[in-house]
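Report on one structure; see the data block that follows.
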Amino acid sequence: MKLASTRRCPHSTWPSRHSPSLVDCPSRLPLPTLLPSVAVVAMAAMSLLQRASVAALTALSGRRAGTRLGVGSFLTRSFPKTVGGCRPWRRGFTFPAPVRHSGDHGKRLFVIKPSLYYDARFLRLMKFYLLLTGIPVIIGITLVNIFIGEAELAEIPEGYIPEHWEYYKHPISRWIARTFYDGPEKNYEKTLAILQIESEKADLRLKELEVRRLMRARGDGPWYQYPTPEKEFIDYSPKSTPDN
Numbered sequence: 009m010k011l012a013s014t015r016r017c018p019h020s021t022w023p024s025r026h027s028p029s030l031v032d033c034p035s036r037l038p039l040p041t042l043l044p045s046v047a048v049v050a051m052a053a054m055s056l057l058q059r060a061s062v063a064a065l066t067a068l069s070g071r072r073a074g075t076r077l078g079v080g081s082f083l084t085r086s087f088p089k090t091v092g093g094c095r096p097w098r099r100g101f102t103f104p105a106p107v108r109h110s111g112d113h114g115k116r117l118f119v120i121k122p123s124l125y126y127d128a129r130f131l132r133l134m135k136f137y138l139l140l141t142g143i144p145v146i147i148g149i150t151l152v153n154i155f156i157g158e159a160e161l162a163e164i165p166e167g168y169i170p171e172h173w174e175y176y177k178h179p180i181s182r183w184i185a186r187t188f189y190d191g192p193e194k195n196y197e198k199t200l201a202i203l204q205i206e207s208e209k210a211d212l213r214l215k216e217l218e219v220r221r222l223m224r225a226r227g228d229g230p231w232y233q234y235p236t237p238e239k240e241f242i243d244y245s246p247k248s249t250p251d252n
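In this note's numbering, the protein residues as written are 9 to 252.
So this is what it looks like as structure tokens:
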């Protein structure tokens with residue numbers, strides 16, 4: 009039995025339909041035809057190997073792969089980096105690029121913020137002056153309460169008029185009332201003086217209104233106080249213009 013002719017088309021690199029099958033003669037396939045199949049098989053094998061390695065290391069360490077063990081350091085070292093911290097692996101899937109941190113508390117950043125010098129200085133000075141004035145005041149109040157104490161109620165002697173600050177019980181309250189406040193009698197006199205002044209102002213306003221009414225009714229006024237020119241300096245001749 010004769011084999012079919014193996015003539016090929018001059019414009020094609022493939023065997024004719026009468027040539028032996030591809031299974032019988034794999035060595036006759038051109039090299040560009042085998043490369044895509046080999047690349048796909050290699051990529052699938054690498055993907056499966058990578059996923060198996062990551063799953064095994066995650067199960068052993070009990071934490072996310074790539075944080076401390078550096079899982080991606082030897083699996084993705086040869087892939088180029090992309091924007092966003094991920095490396096391309098295949099369409100629709102990205103593998104995070106390994107990032108090295110110097111501690112266990114996350115990424116260390118240099119945060120730009122305003123200076124806290126004046127805030128700290130203000131708090132420091134406020135604490136200093138509060139203690140500077142508060143400590144003596146507390147010591148003074150303690151000594152007054154220990155060695156002087158509060159006053160006791162007693163009968164008023166015959167012919168004695170108590171001062172207004174003697175009606176307070178605590179020594180500090182008595183000192184404040186005697187130094188910074190006036191007595192009720194003095195406040196009463198001050199109020200009467202204010203009322204008298206306001207009454208006199210009201211009378212003066214009424215008199216001023218009456219004087220203005222009489223000036224309008226009689227045509228009188230203070231114009232006599234203004235100086236007038238002499239009669240010799242007045243020109244009574246006819247003038248062509250008012251300013252002539």
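Here a beta-carbon is modelled for each residue, glycine too, at the ideal position from N, C-alpha and C.
Remember, it's a predicted structure, so these values are computed and weren't measured experimentally.
The C-alpha of F188 is placed about 47 Å away from the C-alpha of R220. T187: member of the alpha helix (DSSP H) spanning 179-188, first to last residue. In the DSSP assignment, G148 falls within the alpha helix (DSSP H) that extends over 125-155.
Counting along the chain, I202 sits inside the alpha helix (DSSP H) bounded by residues 192-226.
Per DSSP, reduced to three states, the secondary structure at K121 is coil, with no helix or strand assignment. Taking P179 as reference, the option from K239, H172, A159 with the minimal CA-CA separation is A159.
Look at T66 here: in three-state DSSP terms it is helix. A straight line joining the alpha-carbon of T236 with that of T249 spans about 23 Å. Just so you know, the alpha carbons of I149 and G157 end up roughly 10 Å apart.
Exclusion of the five residues before and after K198 leaves no residue of its chain whose Cβ lies closer than 7 Å to its Cβ. A162 carries a coil assignment under DSSP once its states are collapsed to helix, strand and coil. The three-state secondary structure of S45, taken from DSSP, is helix.
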